[in-house]
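Trainee: Take 1022 as the starting number for the sequence shown in the working numbering and just add one per residue. We put the beta carbon where it would ideally sit given N, CA and C, even for glycine. Fair warning: this is a prediction, and the values are worked out from it, not measured in the lab. Following this message is one structure expressed as C-alpha coordinates.
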Amino acid sequence: MASGEALEGFELMTDFYGQLNDKKDNAVLVCHAFSGSHHAAGKRDNNIGWWDEFIGPDKTIDTNHFFVVSVNNLGSCFGSSGPLSKDKNGERFNNNFPQLEVIDWVESQKMLADKLGIKKWHLVVGGSLGGMQSLQWAVSYPKMVKKVGILAAAAKTSSQNIALNEVEREVIRKDSDFHDGKYLEFNKSPAKGLKAARMLGHITYLSAKNMDQRFGRKLQNTDSKIAEDVDFEIENYLQYKGGKFAESFDANSYILLTKVMDKFDIAHGYDDSLESALENITAEVLVVSFTSDWMFPTRNGKEICLASIKANKKCSYIELEGEHGHDSFLYPNEDYQNAIKNFIESK
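Okay, structure coming up:
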(Lines of atoms letter the chains of each structure in order from A and count residues from 1; the text may use other names and numbers.)
(Lines give C-alpha, C1' and ligand atoms only; values in the text may rest on other atoms or scores of the structure.)
Protein backbone atom coordinates (compact mmCIF):
# COMPACT_ATOMS: atom_id res chain seq x y z
CA MET A 1 0.00 0.00 0.00
CA ALA A 2 1.11 3.60 -0.52
CA SER A 3 1.56 4.08 3.23
CA GLY A 4 3.96 1.15 3.45
CA GLU A 5 1.50 -0.82 5.57
CA ALA A 6 0.32 -4.25 4.50
CA LEU A 7 -3.25 -5.46 4.16
CA GLU A 8 -3.09 -9.24 4.12
CA GLY A 9 -6.03 -10.21 1.99
CA PHE A 10 -9.13 -8.16 1.39
CA GLU A 11 -12.63 -8.33 -0.03
CA LEU A 12 -14.19 -6.07 -2.66
CA MET A 13 -17.95 -5.77 -2.95
CA THR A 14 -18.88 -5.31 -6.61
CA ASP A 15 -21.88 -4.85 -8.86
CA PHE A 16 -21.98 -5.61 -12.58
CA TYR A 17 -24.41 -4.30 -15.19
CA GLY A 18 -24.61 -5.54 -18.78
CA GLN A 19 -22.43 -8.21 -20.36
CA LEU A 20 -18.70 -8.32 -21.02
CA ASN A 21 -18.22 -9.03 -24.72
CA ASP A 22 -15.90 -11.67 -26.18
CA LYS A 23 -13.16 -9.13 -26.89
CA LYS A 24 -13.52 -7.75 -23.35
CA ASP A 25 -13.20 -4.24 -24.72
CA ASN A 26 -16.59 -2.82 -23.64
CA ALA A 27 -15.92 -2.50 -19.90
CA VAL A 28 -16.70 0.70 -18.02
CA LEU A 29 -15.47 1.29 -14.47
CA VAL A 30 -17.69 3.61 -12.44
CA CYS A 31 -15.98 5.01 -9.33
CA HIS A 32 -18.11 6.20 -6.44
CA ALA A 33 -17.72 9.30 -4.30
CA PHE A 34 -16.89 9.54 -0.60
CA SER A 35 -19.99 7.97 0.94
CA GLY A 36 -21.15 5.99 -2.09
CA SER A 37 -21.13 2.25 -2.64
CA HIS A 38 -21.00 -0.38 -5.35
CA HIS A 39 -24.79 -0.06 -5.73
CA ALA A 40 -24.70 2.33 -8.68
CA ALA A 41 -27.91 1.31 -10.48
CA GLY A 42 -31.12 -0.64 -10.04
CA LYS A 43 -33.26 -1.14 -6.96
CA ARG A 44 -32.18 -3.12 -3.91
CA ASP A 45 -33.86 -3.18 -0.49
CA ASN A 46 -36.04 -0.28 -1.63
CA ASN A 47 -32.92 1.78 -2.39
CA ILE A 48 -32.19 3.09 -5.88
CA GLY A 49 -28.58 3.07 -7.08
CA TRP A 50 -26.80 6.39 -6.79
CA TRP A 51 -26.40 6.72 -10.62
CA ASP A 52 -29.48 4.81 -11.70
CA GLU A 53 -30.54 7.51 -14.18
CA PHE A 54 -27.23 7.06 -15.99
CA ILE A 55 -26.66 3.28 -16.07
CA GLY A 56 -28.92 0.76 -17.77
CA PRO A 57 -30.49 -0.26 -21.08
CA ASP A 58 -30.82 2.76 -23.39
CA LYS A 59 -29.52 5.09 -20.68
CA THR A 60 -26.46 7.37 -20.70
CA ILE A 61 -24.14 4.40 -20.24
CA ASP A 62 -26.11 1.88 -22.25
CA THR A 63 -25.79 -1.61 -20.81
CA ASN A 64 -27.04 -3.03 -24.10
CA HIS A 65 -23.53 -2.23 -25.31
CA PHE A 66 -21.33 -1.70 -22.26
CA PHE A 67 -20.36 -3.83 -19.27
CA VAL A 68 -20.36 -1.63 -16.18
CA VAL A 69 -18.29 -2.46 -13.11
CA SER A 70 -18.93 -0.68 -9.81
CA VAL A 71 -16.73 -1.36 -6.78
CA ASN A 72 -17.18 -0.43 -3.13
CA ASN A 73 -13.89 1.17 -2.13
CA LEU A 74 -11.61 -0.35 0.47
CA GLY A 75 -12.15 1.33 3.82
CA SER A 76 -15.85 1.87 3.23
CA CYS A 77 -18.61 0.15 5.17
CA PHE A 78 -20.75 -1.43 2.47
CA GLY A 79 -19.13 -4.82 2.16
CA SER A 80 -15.53 -4.22 1.09
CA SER A 81 -12.78 -4.62 3.67
CA GLY A 82 -12.66 -1.70 6.07
CA PRO A 83 -12.73 -0.75 9.76
CA LEU A 84 -15.70 -3.05 10.35
CA SER A 85 -13.75 -6.05 9.00
CA LYS A 86 -11.59 -8.41 11.02
CA ASP A 87 -7.82 -8.70 10.76
CA LYS A 88 -5.80 -11.91 10.40
CA ASN A 89 -6.12 -12.52 14.15
CA GLY A 90 -9.89 -12.32 14.04
CA GLU A 91 -9.99 -8.92 15.73
CA ARG A 92 -12.05 -6.07 14.30
CA PHE A 93 -9.86 -3.37 12.74
CA ASN A 94 -11.85 -0.48 14.19
CA ASN A 95 -9.59 2.58 13.92
CA ASN A 96 -6.52 0.47 13.09
CA PHE A 97 -7.36 -0.18 9.45
CA PRO A 98 -4.33 0.77 7.33
CA GLN A 99 -4.36 4.34 6.07
CA LEU A 100 -5.37 4.40 2.42
CA GLU A 101 -4.72 6.63 -0.56
CA VAL A 102 -6.55 6.88 -3.86
CA ILE A 103 -3.79 4.90 -5.57
CA ASP A 104 -4.60 1.96 -3.26
CA TRP A 105 -8.16 1.92 -4.56
CA VAL A 106 -6.86 1.94 -8.12
CA GLU A 107 -4.51 -0.95 -7.34
CA SER A 108 -7.37 -3.01 -5.88
CA GLN A 109 -9.55 -2.22 -8.90
CA LYS A 110 -6.71 -3.27 -11.22
CA MET A 111 -6.58 -6.63 -9.44
CA LEU A 112 -10.29 -7.00 -10.16
CA ALA A 113 -9.75 -6.07 -13.82
CA ASP A 114 -7.00 -8.68 -14.08
CA LYS A 115 -9.30 -11.26 -12.53
CA LEU A 116 -12.01 -10.42 -15.07
CA GLY A 117 -9.55 -10.50 -17.96
CA ILE A 118 -10.06 -6.81 -18.76
CA LYS A 119 -6.86 -5.48 -20.28
CA LYS A 120 -8.23 -2.02 -21.09
CA TRP A 121 -11.22 -0.07 -19.78
CA HIS A 122 -13.28 1.59 -22.47
CA LEU A 123 -14.05 4.26 -19.89
CA VAL A 124 -13.18 5.00 -16.28
CA VAL A 125 -15.53 7.62 -14.87
CA GLY A 126 -16.46 9.07 -11.51
CA GLY A 127 -17.58 12.18 -9.70
CA SER A 128 -15.96 13.98 -6.76
CA LEU A 129 -13.66 11.49 -5.01
CA GLY A 130 -14.64 9.10 -7.81
CA GLY A 131 -13.27 11.62 -10.31
CA MET A 132 -9.99 11.61 -8.43
CA GLN A 133 -9.87 7.83 -8.84
CA SER A 134 -10.54 8.21 -12.56
CA LEU A 135 -7.67 10.66 -12.89
CA GLN A 136 -5.37 8.39 -10.88
CA TRP A 137 -6.25 5.47 -13.16
CA ALA A 138 -5.31 7.45 -16.27
CA VAL A 139 -1.98 8.48 -14.73
CA SER A 140 -1.01 5.18 -13.09
CA TYR A 141 -2.16 2.78 -15.83
CA PRO A 142 -2.27 4.78 -19.07
CA LYS A 143 -2.31 1.68 -21.29
CA MET A 144 -5.39 0.35 -19.49
CA VAL A 145 -7.65 3.38 -19.99
CA LYS A 146 -9.08 4.38 -23.37
CA LYS A 147 -11.24 7.21 -22.05
CA VAL A 148 -11.47 8.93 -18.68
CA GLY A 149 -14.33 11.02 -17.29
CA ILE A 150 -13.51 13.38 -14.42
CA LEU A 151 -16.69 14.90 -12.99
CA ALA A 152 -16.90 17.62 -10.32
CA ALA A 153 -13.40 16.81 -9.12
CA ALA A 154 -9.93 18.30 -8.70
CA ALA A 155 -6.29 17.36 -9.17
CA LYS A 156 -5.72 17.90 -5.45
CA THR A 157 -7.78 18.62 -2.36
CA SER A 158 -7.76 22.27 -1.31
CA SER A 159 -6.76 23.48 2.15
CA GLN A 160 -10.34 24.68 2.66
CA ASN A 161 -11.71 21.19 2.06
CA ILE A 162 -9.04 19.68 4.31
CA ALA A 163 -10.06 22.15 7.02
CA LEU A 164 -13.74 21.28 6.70
CA ASN A 165 -12.94 17.57 6.77
CA GLU A 166 -10.92 18.00 9.96
CA VAL A 167 -13.80 19.81 11.67
CA GLU A 168 -16.09 16.92 10.69
CA ARG A 169 -13.61 14.38 12.06
CA GLU A 170 -13.21 16.31 15.30
CA VAL A 171 -16.96 16.44 15.81
CA ILE A 172 -16.99 12.63 15.61
CA ARG A 173 -14.00 12.26 17.94
CA LYS A 174 -15.63 14.49 20.56
CA ASP A 175 -18.70 12.26 20.79
CA SER A 176 -18.55 10.59 24.22
CA ASP A 177 -19.42 7.27 22.57
CA PHE A 178 -16.41 7.36 20.22
CA HIS A 179 -14.00 5.68 22.68
CA ASP A 180 -10.92 6.45 20.57
CA GLY A 181 -12.44 4.60 17.62
CA LYS A 182 -13.13 1.40 19.56
CA TYR A 183 -16.81 2.13 20.17
CA LEU A 184 -17.99 -1.27 18.97
CA GLU A 185 -16.07 -2.91 21.82
CA PHE A 186 -18.39 -0.99 24.13
CA ASN A 187 -21.49 -1.73 22.02
CA LYS A 188 -21.71 1.98 21.28
CA SER A 189 -21.88 4.19 18.21
CA PRO A 190 -20.88 7.88 18.04
CA ALA A 191 -24.13 8.57 16.21
CA LYS A 192 -24.50 12.15 17.45
CA GLY A 193 -21.05 13.11 16.26
CA LEU A 194 -21.48 11.30 12.95
CA LYS A 195 -24.84 13.00 12.41
CA ALA A 196 -23.39 16.46 13.06
CA ALA A 197 -20.37 15.75 10.84
CA ARG A 198 -22.63 14.74 7.97
CA MET A 199 -24.83 17.80 8.46
CA LEU A 200 -21.78 20.01 8.01
CA GLY A 201 -20.49 17.98 5.08
CA HIS A 202 -23.87 17.95 3.38
CA ILE A 203 -23.94 21.76 3.30
CA THR A 204 -20.79 21.72 1.16
CA TYR A 205 -22.54 19.49 -1.39
CA LEU A 206 -25.37 21.99 -1.94
CA SER A 207 -25.50 25.43 -3.54
CA ALA A 208 -26.71 28.69 -1.99
CA LYS A 209 -29.09 29.21 -4.91
CA ASN A 210 -30.64 25.78 -4.54
CA MET A 211 -31.04 26.17 -0.79
CA ASP A 212 -32.68 29.57 -1.24
CA GLN A 213 -35.06 28.25 -3.89
CA ARG A 214 -35.90 25.06 -2.03
CA PHE A 215 -35.99 26.29 1.56
CA GLY A 216 -35.47 30.04 1.73
CA ARG A 217 -36.45 31.14 5.21
CA LYS A 218 -39.53 28.95 5.39
CA LEU A 219 -40.51 27.90 8.89
CA GLN A 220 -40.82 24.20 9.61
CA ASN A 221 -44.27 22.72 10.19
CA THR A 222 -44.47 21.85 13.88
CA ASP A 223 -46.02 18.45 13.12
CA SER A 224 -42.94 17.20 11.27
CA LYS A 225 -40.07 18.62 13.29
CA ILE A 226 -37.10 16.29 13.68
CA ALA A 227 -35.88 18.15 16.79
CA GLU A 228 -37.67 20.35 19.29
CA ASP A 229 -35.54 23.45 18.76
CA VAL A 230 -35.81 23.40 14.94
CA ASP A 231 -37.36 26.55 13.48
CA PHE A 232 -36.54 26.52 9.76
CA GLU A 233 -37.10 23.94 7.02
CA ILE A 234 -33.40 23.90 6.17
CA GLU A 235 -32.58 22.96 9.76
CA ASN A 236 -35.11 20.15 9.70
CA TYR A 237 -33.76 18.91 6.37
CA LEU A 238 -30.20 18.73 7.69
CA GLN A 239 -31.36 17.04 10.89
CA TYR A 240 -33.12 14.40 8.80
CA LYS A 241 -30.24 13.87 6.36
CA GLY A 242 -27.67 13.67 9.14
CA GLY A 243 -29.76 11.25 11.15
CA LYS A 244 -30.40 8.89 8.23
CA PHE A 245 -26.72 8.91 7.31
CA ALA A 246 -25.65 8.05 10.87
CA GLU A 247 -27.91 4.99 10.77
CA SER A 248 -26.07 3.45 7.81
CA PHE A 249 -22.46 4.70 7.84
CA ASP A 250 -19.52 3.87 10.08
CA ALA A 251 -17.66 6.61 11.96
CA ASN A 252 -14.21 5.06 11.51
CA SER A 253 -14.87 4.78 7.78
CA TYR A 254 -15.88 8.45 7.74
CA ILE A 255 -12.60 9.47 9.32
CA LEU A 256 -10.55 7.14 7.12
CA LEU A 257 -12.17 8.17 3.83
CA THR A 258 -12.01 11.91 4.47
CA LYS A 259 -8.28 11.46 5.07
CA VAL A 260 -8.00 9.66 1.72
CA MET A 261 -9.52 12.73 0.09
CA ASP A 262 -7.22 15.08 2.00
CA LYS A 263 -4.10 13.24 0.87
CA PHE A 264 -4.96 13.28 -2.82
CA ASP A 265 -2.59 15.30 -5.00
CA ILE A 266 -1.96 13.79 -8.43
CA ALA A 267 1.11 16.01 -8.96
CA HIS A 268 2.83 14.75 -5.82
CA GLY A 269 5.93 12.91 -6.95
CA TYR A 270 6.08 14.95 -10.16
CA ASP A 271 7.74 18.04 -8.66
CA ASP A 272 4.23 19.39 -7.99
CA SER A 273 3.76 19.81 -11.75
CA LEU A 274 0.31 18.77 -12.93
CA GLU A 275 1.47 18.92 -16.53
CA SER A 276 4.29 16.48 -15.75
CA ALA A 277 1.88 14.15 -13.94
CA LEU A 278 -0.31 14.00 -17.02
CA GLU A 279 2.47 13.46 -19.58
CA ASN A 280 2.04 9.69 -19.82
CA ILE A 281 -1.74 9.72 -20.17
CA THR A 282 -2.95 8.11 -23.40
CA ALA A 283 -6.68 8.30 -22.68
CA GLU A 284 -9.07 10.83 -24.12
CA VAL A 285 -10.11 13.09 -21.26
CA LEU A 286 -13.51 14.57 -20.45
CA VAL A 287 -13.72 17.06 -17.58
CA VAL A 288 -17.10 18.31 -16.35
CA SER A 289 -17.47 21.10 -13.80
CA PHE A 290 -20.51 22.84 -12.36
CA THR A 291 -20.72 26.57 -11.72
CA SER A 292 -22.74 25.99 -8.53
CA ASP A 293 -20.09 23.67 -7.06
CA TRP A 294 -18.09 25.43 -4.35
CA MET A 295 -16.48 22.27 -3.01
CA PHE A 296 -14.61 21.68 -6.28
CA PRO A 297 -15.21 24.91 -8.24
CA THR A 298 -14.85 25.23 -11.99
CA ARG A 299 -11.27 26.44 -11.76
CA ASN A 300 -10.32 22.94 -10.57
CA GLY A 301 -11.73 21.34 -13.72
CA LYS A 302 -10.17 23.97 -15.97
CA GLU A 303 -6.81 23.36 -14.33
CA ILE A 304 -6.92 19.66 -15.20
CA CYS A 305 -7.93 20.27 -18.80
CA LEU A 306 -5.42 23.07 -19.41
CA ALA A 307 -2.61 20.94 -18.00
CA SER A 308 -3.75 18.06 -20.23
CA ILE A 309 -3.65 20.27 -23.31
CA LYS A 310 -0.21 21.61 -22.37
CA ALA A 311 0.91 17.99 -22.10
CA ASN A 312 -0.44 17.46 -25.65
CA LYS A 313 -3.37 15.31 -24.55
CA LYS A 314 -6.85 15.30 -26.00
CA CYS A 315 -9.17 16.91 -23.46
CA SER A 316 -12.73 18.22 -23.60
CA TYR A 317 -13.97 20.58 -20.89
CA ILE A 318 -17.66 21.19 -20.24
CA GLU A 319 -18.97 23.71 -17.75
CA LEU A 320 -22.59 23.42 -16.68
CA GLU A 321 -24.69 25.42 -14.25
CA GLY A 322 -26.24 22.53 -12.33
CA GLU A 323 -28.90 23.14 -9.71
CA HIS A 324 -27.50 21.02 -6.91
CA GLY A 325 -24.06 22.43 -6.17
CA HIS A 326 -21.34 19.81 -5.87
CA ASP A 327 -23.98 17.06 -5.95
CA SER A 328 -24.96 18.09 -9.49
CA PHE A 329 -22.84 15.26 -10.88
CA LEU A 330 -25.35 12.81 -9.38
CA TYR A 331 -28.45 14.30 -10.98
CA PRO A 332 -29.86 13.83 -14.49
CA ASN A 333 -29.41 16.81 -16.77
CA GLU A 334 -29.90 16.60 -20.53
CA ASP A 335 -26.74 18.51 -21.48
CA TYR A 336 -24.70 16.65 -18.89
CA GLN A 337 -25.94 13.22 -19.89
CA ASN A 338 -25.53 13.96 -23.60
CA ALA A 339 -21.94 15.01 -22.99
CA ILE A 340 -21.14 11.72 -21.26
CA LYS A 341 -23.07 9.65 -23.79
CA ASN A 342 -21.40 11.30 -26.79
CA PHE A 343 -18.00 10.91 -25.16
CA ILE A 344 -18.39 7.23 -24.37
CA GLU A 345 -19.86 6.37 -27.77
CA SER A 346 -17.47 8.43 -29.91
CA LYS A 347 -14.91 6.51 -31.94
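So, with DSSP's three-state summary, where would you put Trp1315?
Mentor: The answer is coil: DSSP assigns Trp1315 none of H, G, I, E or B.
Trainee: Please report the residue range of the beta strand (DSSP E) in which Ala1229 lies.
Mentor: Looking at the DSSP string, Ala1229 is not in any beta strand (DSSP E); the run it does join, the alpha helix (DSSP H), is 1229 to 1235.
Trainee: According to the neighbour-count rule (16 or more other Cβ atoms, all chains shown, within 10 Å of its Cβ), is Thr1243 buried or exposed?
Mentor: Exposed.
Trainee: Can Leu1299 and Ala1159 be called in contact, C-beta distance under 9 Å?
Mentor: Result yes, Cβ atoms of Leu1299 and Ala1159 sit closer than 9 Å.
Trainee: First and last residue of the alpha helix (DSSP H) that includes Gly1170?
Mentor: It is not in any alpha helix (DSSP H) - Gly1170 instead sits in the beta strand (DSSP E) that spans 1168 to 1172.
Trainee: Looking only at DSSP bridge pairs, what is Leu1033 linked to?
Mentor: According to DSSP, which records beta bridges pairwise, Leu1033 is partnered with nothing at all.
Trainee: Taking Phe1270 as the reference, which of Ser1313, Ala1212, Asp1292, Phe1311 has the closest Cα?
Mentor: Selected option, being the one with the closest Cα: Ala1212.
Trainee: Identify, in the order they occur along the chain, each residue of the same chain with its Cβ nearer than 8 Å to the Cβ of Tyr1261, setting aside the five sequence neighbours on each side.
Mentor: Hits under 8 Å: Ile1247.
Trainee: Within a Cβ cutoff of 6 Å, which residues of the same chain sit near Ala1272, ignoring the five residues on either side of it in sequence?
Mentor: Here the set comprises Ile1193, Pro1211, Leu1215.
Trainee: Specify, as a first and last residue, the run of the alpha helix (DSSP H) that Gly1264 falls within.
Mentor: From DSSP, the alpha helix (DSSP H) with Gly1264 extends over 1254 to 1269.
Trainee: Mapping DSSP to helix, strand and coil, what is Phe1087?
Mentor: Coil.
Trainee: Go ahead and label Pro1353 buried or exposed: buried means 16 or more other beta carbons lie within 10 angstroms of its beta carbon, across all protein chains shown.
Mentor: So Pro1353 ends up on the exposed side.
Trainee: Any heavy atom of the ligand COA within a distance shorter than 8 Å of the CB on Gly1322?
Mentor: The ligand COA is not part of this structure, which contains no ligands at all.
Trainee: Hey, could you find the ends of the beta strand (DSSP E) Gly971 is sitting in?
Mentor: With the chain covering only 1022 through 1368, there is no way to say anything about residue 971.
Trainee: Just list the residues that DSSP pairs Leu1341 with in beta bridges.
Mentor: The partner list for Leu1341 (beta bridge, DSSP) reads Phe1311.
Trainee: When burial is assigned at 16 or more other CB atoms within 10 Å of the CB, is Ala1176 buried or exposed?
Mentor: Counting Cβ neighbours within 10 Å, Ala1176 comes out buried, since at least 16 surround it.
Trainee: Any idea if Met1132 is buried or exposed, counting beta-carbon neighbours within 10 angstroms, 16 or more meaning buried?
Mentor: Classification for Met1132: exposed.
Trainee: Does DSSP put Leu1050 in a helix, in a strand, or in coil?
Mentor: Correct three-state label for Leu1050: strand.
Trainee: From what residue to what residue does the alpha helix (DSSP H) around Arg1219 run?
Mentor: Counting along the chain, the alpha helix (DSSP H) containing Arg1219 begins and ends at 1212 to 1226.
Trainee: Name, in chain order, the residues that DSSP records as bridge partners for Gly1077.
Mentor: Looking at the DSSP assignment, Gly1077 forms a beta bridge with Asp1083.
Trainee: Going by the beta-carbon positions, is the gap between Leu1341 and Ser1349 smaller than 9 Å?
Mentor: Yes, they are a contact pair.
Trainee: With distances taken Cα to Cα, identify the nearest neighbour of Glu1324 among Asp1036, Thr1178, Glu1074.
Mentor: Looking at the Cα atoms, Thr1178 is the closest of the given residues.
Trainee: Thinking C-alpha only, which one of Val1051, Glu1122, Asn1301 is nearest Pro1077?
Mentor: It is worth fixing the name first, because residue 1077 is Gly in this sequence and not Pro. Comparing Cα positions, the closest option is Val1051.
Trainee: Exposed or buried, which one is Ser989 when buried takes at least 16 other CB atoms within 10 Å?
Mentor: Outside the shown range of the chain, which is 1022 to 1368, sits residue 989, and nothing can be said about it.
Trainee: Quick one: what's got a C-beta closer than 7 Å to Asn1115's C-beta in the same chain, skipping five residues either side?
Mentor: If we look at Asn1115 and ignore the five residues flanking it on each side, its Cβ neighbours are Pro1104, Gly1202, Lys1203, Leu1205, Asn1273.
Trainee: What number of angstroms, rounded off, separates the C-alpha of Phe1031 from the C-alpha of His1053?
Mentor: For Phe1031 and His1053, the distance between alpha carbons rounds to 19 Å.
Trainee: Let me confirm a value: Ala1061 is counted as buried when at least 16 other C-beta atoms fall within 10 Å, else exposed. Which label applies?
Mentor: By the 10 Å Cβ count, Ala1061 comes out buried.
Trainee: Give me the Cβ distance between Ala1267 and Glu1296, rounded to the nearest whole Å; I'm assuming they're in contact under 8 Å.
Mentor: Incorrect: roughly 42 Å between the Cβ atoms, too far for contact.
Trainee: Return the first residue and the last residue of the alpha helix (DSSP H) that Gln1040 is part of.
Mentor: Run containing Gln1040: none; DSSP gives neither H nor E here.
Trainee: Buried or exposed: Ile1069, going by 16 or more other Cβ atoms within 10 Å of its Cβ?
Mentor: Per the 10 Å Cβ criterion, exposed.
Trainee: Between the C-alpha atoms of Glu1128 and Met1165, what's the straight-line distance to the nearest angstrom?
Mentor: Taking the straight line from one Cα to the other gives about 12 Å.
Trainee: Look at the alpha carbon of Asp1108 and the alpha carbon of Gln1120, and state the distance between them as a whole number of angstroms.
Mentor: When rounded, the distance between both Cα atoms is 14 Å.
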